[in-house]
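Chemist:
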Amino acid sequence: MSEPRVSRRPPLLVALATFLFLECALLAAAASYLVIELLIAVPASYATAIAVLILVLLAAIWLAVMAVHTLRGRYWIRGAAVTWQALQIAIGIGSFQGLFARPDVGWLLIIPAVIVIVLLFTPPVLEATKRREG
Numbered sequence: 000m001s002e003p004r005v006s007r008r009p010p011l012l013v014a015l016a017t018f019l020f021l022e023c024a025l026l027a028a029a030a031s032y033l034v035i036e037l038l039i040a041v042p043a044s045y046a047t048a049i050a051v052l053i054l055v056l057l058a059a060i061w062l063a064v065m066a067v068h069t070l071r072g073r074y075w076i077r078g079a080a081v082t083w084q085a086l087q088i089a090i091g092i093g094s095f096q097g098l099f100a101r102p103d104v105g106w107l108l109i110i111p112a113v114i115v116i117v118l119l120f121t122p123p124v125l126e127a128t129k130r131r132e133g
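Sequential numbering from 0 applies to the sequence shown in numbering that gives the first Met the number 0.
#1: Quick one: measure Cβ to Cβ for A127 and L12, integer angstroms, because I've assumed they're closer than 8 Å.
#2: Suppose contacts are defined by Cβ-Cβ distances below 8 Å. Is A66 in contact with C23 by that definition?
#3: From what residue to what residue does the alpha helix (DSSP H) around S22 run?
#4: May I ask you to report which of helix, strand or coil DSSP gives P123?
#5: So for G97, helix, strand or coil by DSSP?
#6: CA-CA distance, V115 and A28?
#7: Once you ignore the five residues that flank T69 on each side, which residues in its own chain have a CB closer than 8 Å to its CB?
#8: What is the DSSP secondary structure of W74, counted as helix, strand or coil?
#9: Within its chain, find whatever has a CB closer than 6 Å to the CB of L56; leave out the 5 residues flanking it on each side and keep chain order.
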């Protein structure tokens with residue numbers, strides 16, 4: 000009898016996927032909140048409120064796709080994840096300033112983004128997600 004094929008995923012790759020899934024879950028929660036707000040409150044602009052909701056839903060779906068394909072070791076997730084984390088850092092930095100500044104939200108966006116970027120460039124993750132010929 001042959002032994003079952005065991006797929007060995009590096010722990011850092013699993014950690015990366017976990018962070019991406021957590022970000023996806025938080026975006027899904029934000030989308031749920033936006034839907035509730037859209038139903039119970041009167042927005043200044045329905046078009047803007049719906050557009051923001053659609054963008055949040057698309058981002059959550061995209062993060063879920065990235066997380067799944069991270070576990071599959073796809074090479075393209077590195078560029079997609081870096082792009083998302085850069086956007087997340089930019090929003091986090093913006094949370095530190097302005098009339099409605101929320102430094103706590105800024106740190107909650109920046110810290111996981113930096114962790115994901117560091118994980119993306121660790122040797123085990125690079126090896127697991129390198130492009131394979133054929």
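Virtual Cβ for every residue (Gly too), placed ideally from N, Cα, C. None of the values given here were measured: they were computed from a predicted structure.
Modeler: On the basis of the coordinates in this document:
#1: 5 Å
#2: yes
#3: According to the sequence shown, residue 22 is Glu rather than Ser. Where E22 is concerned, the enclosing alpha helix (DSSP H) stretches over 10 to 39.
#4: For P123, the secondary structure class from DSSP, reduced to helix, strand or coil, is helix.
#5: coil
#6: 20 Å
#7: So the qualifying residues of the chain are L12, L15, A16, L19, I76, A80, T128.
#8: It is worth fixing the name first, because residue 74 is Tyr in this sequence and not Trp. Here Y74 sits in coil by DSSP.
#9: A30
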